[in-house]
Amino acid sequence: DVKVTQSSRYLVKRTGEKVFLECVQDMDHENMFWYRQDPGLGLRLIYFSYDVKMKEKGDIPEGYSVSREKKERFSLILESASTNQTSMYLCASSLFPSGSTQETQYFGPGTRLLVL
Amino acid sequence: DQQVKQNSPSLSVQEGRISILNCDYTNSMFDYFLWYKKYPAEGPTFLISISSIKDKNEDGRFTVFLNKSAKHLSLHIVPSQPGDSAVYFCAVNTGTASKLTFGTGTRLQVTL
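Order-wise, the sequence lines are chains A and B.
With this note's numbering applied, the first sequence closes on residue 96, and no number is skipped along the way.
With this note's numbering applied, the second sequence closes on residue 599, and no number is skipped along the way.
This is the structure:
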């Protein structure tokens, strides 16, 4: 079974803090994704990566950056946390190389972040 | 502009009855569609998918129907069980670097 783990289930941070969210997958997947989930808005893609050291902006990248130094690990960074970044953050991974349309993503359990 | 729409934010169904969740999309070029289920405080889990070359895919109690001319897909759960109570997201592969675009979700409650 695919396993995607996220470093924290719950986080409380203060406005202006730098926040790191870590995600690790154990299935040698090529692609990794960061989403945020908010009520009434569904899952929105922040950033994704289809290879080590590669990154692509998703639909809502503002205020975030990412790092992928190793294939299995994809980090989401909030450079200066703000209250509107309070959300559930979900990491996902998928096997197929970029360009495939037969895509299934596997999700981690999520990190609920509260920014005060 | 929302490429994937789930117009019903919630649905309540009695145990044993059929649950029908709906999803509309805008682009006729989309060719792979998925449904995910999400429990509170957990990540979404993949449920079932369908390719645009088919109009139906079945897996146990779950069936997904695709109507390409209407740009509409639906998920049928028969019979519904209390453990099916969750939020259901439809998603489409938009064909760009394996990205999925998700709908806003429908919260299904299966009552006893």
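Virtual Cβ for every residue (Gly too), placed ideally from N, Cα, C.
For residue j and residue i, the rounded distance between their alpha carbons
i	j	result
T598(B)	S499(B)	7 Å
G592(B)	S495(B)	8 Å
K586(B)	Y523(B)	15 Å
L58(A)	I40(A)	13 Å
S538(B)	L(-9)(A)	38 Å
G570(B)	K(-17)(A)	22 Å
T66(A)	K(-7)(A)	9 Å
S497(B)	F517(B)	25 Å
T550(B)	Y575(B)	14 Å
E52(A)	C577(B)	27 Å
S(-13)(A)	G590(B)	26 Å
H9(A)	T84(A)	11 Å
D31(A)	N580(B)	19 Å
Q501(B)	F87(A)	29 Å
K558(B)	K541(B)	13 Å
S60(A)	I505(B)	47 Å
E49(A)	R594(B)	37 Å
V565(B)	I507(B)	9 Å
N514(B)	Q490(B)	7 Å
9 Å Cβ cut-off: residues of chain B touching residue i
i	result
G43(A)	The contacting residues do not exist; G43(A) stays about 20 Å from chain B at best.
F87(A)	Y523, K525, E529, G530, P531, T532, F533
Chain B contact residues for residue i, given Cβ-Cβ distances below 8 Å
i	result
L70(A)	G530, P531
G90(A)	A528, E529, G530
T84(A)	L521, F533, S536
Short CB-CB distance (under 8 Å) between residue i and chain E
i	result
T63(A)	Among the protein chains of the structure shown, namely A and B, there is no chain E.
Sheet register partners of residue i (DSSP bridge)
i	result
V551(B)	N544(B), L562(B)
N494(B)	DSSP lists no partner for N494(B).
N11(A)	S74(A)
R16(A)	R24(A), Y69(A)
L1(A)	L56(A)
K37(A)	Y27(A)
key: Validate contact between the stretch 542 to 552 of chain B and the stretch 41 to 48 of chain A using beta carbons, cut 8 Å, 3 pairs   = As far as the Cβ criterion goes, the stretch 542 to 552 of chain B does not touch the stretch 41 to 48 of chain A, which means the pair count is below three.
inquiry  = For the stretch 529 to 546 of chain B, list every residue whose C-beta sits within 8 Å of some C-beta in chain A, in sequence order.
reply    = E529, G530, P531, T532, F533, S536, S538
Members of the stretch 20 to 32 of chain A near chain B, C-beta cut-off 7 Å = G20, L21, G22, L23, L25, F28, Y30
inquiry  = Count Cβ pairs between the stretch 15 to 30 of chain A and the stretch -6 to 3 of chain A that sit closer than 8 Å; are there 3 or more?
reply    = Touching, no, given that fewer than three Cβ pairs across the two stretches are closer than 8 Å.
ask   = Which residues, in order along the stretch 497 to 521 of chain B, keep a beta-carbon less than 7 Å from a beta-carbon of chain A?
value = Using a CB distance below 7 Å, the part of the stretch 497 to 521 of chain B facing chain A consists of D518, Y519, L521, ordered along the chain.
query = Would you call the stretch 55 to 73 of chain A and the stretch 85 to 94 of chain A touching, i.e. three or more CB-CB distances under 8 Å?
reply = yes
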